[in-house]
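So the number in this note's numbering is just where the residue sits in the sequence shown, counting from 1, plus 41.
Ideal Cβ placement from N, Cα and C applies to all residues, glycine included.
Treat the numbers as computed from the prediction; the structure is a model and nothing was measured.
What follows is a short report on a single structure.
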Amino acid sequence: MIYEGKAITVKLIDDGIAVLTFDLQGESVNKFNRLTIEELGEAAAKLGSANDVKGLIVTSAKDVFIVGADITEFKDLFKGSEEELVANNLKANSVFSAIEDLPFPTLTVINGIALGGGFEMCLATDYRIMSTKAKVGLPEVKLGIFPGFGGTVRLSRVIGADNAIEWICAGGEKRPEQALKDKAVDAVVAPEALMEAAKTTMKRLIDGSLDYKKRREEKTGKLKLNAMESMMTFETAKGFVAAQAGRNYPAPVEAIKVMQKHAGMNRDKAIEVEAKGFAKMAKTPVAAALVGLFLNDQELKKKAKAYDKQALPVKRAAVLGAGIMGGGVAFQSALKGTPIVMKDIAQAGLDLGLKEAKGLLTKRVSRGKMTAEQMADVLNKINPALGYGDFKSVDLVVEAVVENPKVKDAVLREVEDVVREDTILTSNTSTISITRLAQNLKRPENFCGMHFFNPVHMMPLVEVIRGEKTSEQAIATTVAYAKAMGKNPIVVNDCPGFLVNRILFPYFGGFNLLVRDGADYKQCDKVMERFGWPMGPAYLLDVVGMDTAKHAGDVMAEGFPDRMQYSEKTAVELMFENDRLGQKNDKGFYKYSLDKKGKKQKAVDEKVEQMLGDVVQKKGEFTDEEIIERMMVPLCIETVRCLEDGIVETAAEADMGLVYGIGFPPFRGGALFYIDTIGVEEFCRIADKYKSLGKLYHPTDGLREMAKSGKKFYG
C-alpha cells in the first residue's frame, strides 16, 4: 500500500502500475470535500517520490466516480473575501497540478458520474477511459459560478475553445458518445471491461507506443489559436451566450471572458486567472441564491426520503377525470413506470386524456428521447376506463375532476365505495380545503391532497396536503408516489390555497391594485419579467385562465377576508365578466393567435385599455422600482405568514415551493431568501411605504420582531 486515507487509497498492482481509488468513507458517493482534496495532495506527494511506480490508474470504488465538490461547504467558503477564495482555489489547484505533473503517465477510469470537480480530476490525468453507463460534465454555472479546479483551462485545451464554451456555459451532462466525439475522453467501453482496457492502455503509455508527454504539453501550454481566431471564437460566443443566459446569470459570460484572458498563458498563470474569476462569481448574490437553492433542494429530498419507511407500495394508480390534467397525470405516472387507470364519465374525456399523453410521447420520440417501442410500452401502462371495474387493484387514486367542492365530494364518496380499505385517495385540488373534502368520507385518514401544477409533465412540484384527519401513512404513500413520478413533493398543512396559491394571490392582488391606481399592465409585465419572472402578472393570468383565477380568488377572499377581499371590482373580475378568459378563448389582457409552430402568440389588444377604464380610479405613473415593490411585498409577507402559521415547517420548503411551483426567479433564491438579501429591517421599511394600500402590505408582528433583533430566515 502506497497510501491509505479515509477517502483515497493507492496501491501497486502488477507491472509497476499503481491504482488510486476514491472511496469516501461514510458516504454513498464520492465528492471533493476538504478531506478528499487534502488526501489527494498527500497521495500525489507519495506517488511523486515512489521509485517503483511506472504509471497511475485513477478509479472509484463506488458506482459513481465523483459527483463534484461538496456544496455543503460552499456557504461558509463563499463568506470569505475574494482574496481568501483565490488562495483557497490555488491551494486546491496545486493538488490537481501535482497529479498532472507526476513523472509517469496517468489515466482515469470514469466508471460512473463525473461532474464538476469530479470531471476536473479526470482532466488532470493524461488519458480518460469512460464507461458506457457514465456521464461527465461541468455544471457549475447552475450554481452561479464556473469551474474552479482548472476546468476552464484544461477543457479548452483538450477539446478546443468552441466545445469547451458549450460544455461550460450550458452546464449539461454529456453522454459517452458525445464525450468521445468531442475528444474529452479517449475510449468508451462496457463497465465490465473498464479495468482491462485501462491496464492495456497504461502498458502502451509506459512502453511509449502512446505519447503521453506530447498530450501533457498541449494540456499545460497555451491555447492553439492565433489572435484573430481567438477574437472571433470568444467575442462571437459572448454575444450568443449572453442572449441565452440573460442578464441575471453572469457566470456563463464571465467563464468565456476568463477563457479568453488565459488563452495565451501556460497552465499555472491560466489557473490564477481562473481562480480570480471564480472568486468574483462566488461573491455574487446570484451564487449565494443558487447555492442556497441547491442546499434547500437537498433538504427537501432528505425530508421526502424520511417518509419511505411508512409508505405503502403503489404498484398501480388511478386518475379520475381525464382531460388535460388527468391525461398529464396518467402520462407522467406511466412514463415513470407506474401503470395507471384513467377514468372518465365520457368517451370524449378519455379521448382528450389519451391525446394529451400521445402528444407528449410523440414529442419525445421526435426529439430522440425515446423509441417508438418505448412509446408503445408507456401507452400500454395507461388503461382508459368508463367504469370502476379495475379499481380493486388500485393502490392510490388521484381525483382530478372540476374544481367544484360538490362535484369532488360526490366523486370521492363514489370511488371510496369501490376501492380496497387500504387504498389512498388524493384530490388534485388547487384551493379547496382537504379537511372540508374529507367530511363525508368513511376513511378520512386515507385521504390527502395531491396538487399537481400545470403542465404536469413540466412542473416539478407536487403539494401533498395534510387534512385534520389525514394519517402519516397516507402522506408517506403519496410522497413516495410523487417521487416515483419524478416530482418534488412538499408536505403542507391545510388552508385555503395551501402554500403556493395562497402566496400567489397576494401577488395578483398587488397587480390588481396597481391597475386600479392607473399602472399600465404592459409595463407591469415588462418590469416583472426583467425582475426574473418567466412571465409578467397579466400574461400569467391569461395563461392560468381568468375563470380559474376568479374562482381561486373567491376562495382566498373567503379564507382571508382581511387582506384578500376587495371592496371594488378588480381587473381580473372585469376580464371574467367580459368573457376574456385568456388563452382559453384567445382573449384576455392580450389577444392570442397561433404562430407557424402552432404556439399561442400574444399581441396587444387596443380594446383592453378602454375596458380597464371601468376599474381604474386614478391616473398614475410608476417607476420600475415601485412596481417591483408593490408586486413583491404582498407575496413575501404572505410567505412569512405561511411559515408562521405552520403551513410549511421550514423556510427552505416555502422558498422551494415558489421556485418549483410558480417559477419564482431562482437567482433570487425564493421569497424568504429575497427578504434576507434586502435585509428584514429594510424590507419592513419598504412595506410601510405602502401601508395605506391595506393589510396585504402590513408586515407581521413576527417579522417586525426579526427586524428589531437582526434575525434572518437563513442563518
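DSSP-derived helix/strand/coil call for residue i
{"i": "residue 355", "result": "coil"}
{"i": "residue 47", "result": "coil"}
{"i": "residue 291", "result": "coil"}
{"i": "residue 493", "result": "strand"}
{"i": "residue 625", "result": "coil"}
{"i": "residue 110", "result": "strand"}
{"i": "residue 311", "result": "helix"}
{"i": "residue 693", "result": "helix"}
{"i": "residue 437", "result": "strand"}
{"i": "residue 667", "result": "helix"}
{"i": "residue 77", "result": "helix"}
{"i": "residue 702", "result": "helix"}
{"i": "residue 138", "result": "helix"}
{"i": "residue 216", "result": "coil"}
{"i": "residue 66", "result": "coil"}
{"i": "residue 474", "result": "coil"}
{"i": "residue 552", "result": "helix"}
{"i": "residue 731", "result": "coil"}
Counted within 10 angstroms of its Cβ, other Cβ atoms place residue i as buried (16 or more) or exposed
{"i": "residue 547", "result": "buried"}
{"i": "residue 696", "result": "buried"}
{"i": "residue 396", "result": "exposed"}
{"i": "residue 409", "result": "exposed"}
{"i": "residue 675", "result": "buried"}
{"i": "residue 171", "result": "buried"}
{"i": "residue 241", "result": "exposed"}
{"i": "residue 650", "result": "exposed"}
{"i": "residue 301", "result": "buried"}
{"i": "residue 471", "result": "buried"}
{"i": "residue 608", "result": "exposed"}
{"i": "residue 407", "result": "exposed"}
{"i": "residue 72", "result": "buried"}
{"i": "residue 255", "result": "exposed"}
{"i": "residue 655", "result": "exposed"}
{"i": "residue 645", "result": "exposed"}
{"i": "residue 733", "result": "exposed"}
{"i": "residue 42", "result": "exposed"}
{"i": "residue 309", "result": "exposed"}
{"i": "residue 246", "result": "buried"}
{"i": "residue 694", "result": "buried"}
{"i": "residue 412", "result": "exposed"}
Cα-Cα separation, residue i to residue j
{"i": "residue 662", "j": "residue 730", "result": "16 Å"}
{"i": "residue 207", "j": "residue 572", "result": "26 Å"}
{"i": "residue 606", "j": "residue 599", "result": "7 Å"}
{"i": "residue 455", "j": "residue 542", "result": "28 Å"}
{"i": "residue 553", "j": "residue 296", "result": "41 Å"}
{"i": "residue 314", "j": "residue 191", "result": "10 Å"}
{"i": "residue 457", "j": "residue 447", "result": "15 Å"}
{"i": "residue 482", "j": "residue 520", "result": "21 Å"}
{"i": "residue 112", "j": "residue 659", "result": "51 Å"}
{"i": "residue 374", "j": "residue 464", "result": "17 Å"}
{"i": "residue 196", "j": "residue 186", "result": "16 Å"}
{"i": "residue 66", "j": "residue 284", "result": "43 Å"}
{"i": "residue 77", "j": "residue 184", "result": "21 Å"}
{"i": "residue 506", "j": "residue 369", "result": "20 Å"}
{"i": "residue 683", "j": "residue 712", "result": "12 Å"}
{"i": "residue 259", "j": "residue 498", "result": "45 Å"}
{"i": "residue 420", "j": "residue 753", "result": "49 Å"}
{"i": "residue 578", "j": "residue 518", "result": "35 Å"}
{"i": "residue 722", "j": "residue 647", "result": "42 Å"}
Whole-number beta carbon distance between residue j and residue i, since they are thought to touch under 8 Å
{"i": "residue 490", "j": "residue 504", "result": "7 Å"}
{"i": "residue 363", "j": "residue 393", "result": "6 Å"}
{"i": "residue 575", "j": "residue 704", "result": "4 Å"}
{"i": "residue 127", "j": "residue 317", "result": "6 Å"}
{"i": "residue 582", "j": "residue 630", "result": "7 Å"}
{"i": "residue 442", "j": "residue 452", "result": "5 Å"}
{"i": "residue 289", "j": "residue 706", "result": "7 Å"}
{"i": "residue 139", "j": "residue 85", "result": "4 Å"}
{"i": "residue 461", "j": "residue 433", "result": "6 Å"}
{"i": "residue 417", "j": "residue 381", "result": "About 16 Å; that fails the 8 Å criterion."}
message: Assess contact between the segment 219-230 and the segment 328-341, defined as three or more Cβ pairs (one per stretch) separated by less than 8 Å. Is contact present?
response: No, because fewer than three Cβ pairs between the segment 219-230 and the segment 328-341 fall closer than 8 Å, the two stretches do not touch.
query: Below 8 Å, can you find three or more Cβ-Cβ pairs linking the segment 684-692 to the segment 581-601?
result: No, because fewer than three Cβ pairs between the segment 684-692 and the segment 581-601 fall closer than 8 Å, the two stretches do not touch.
message: Would you call the segment 160-180 in contact with the segment 97-116, where contact means no fewer than 3 C-beta pairs closer than 8 Å?
response: Short answer: they touch.
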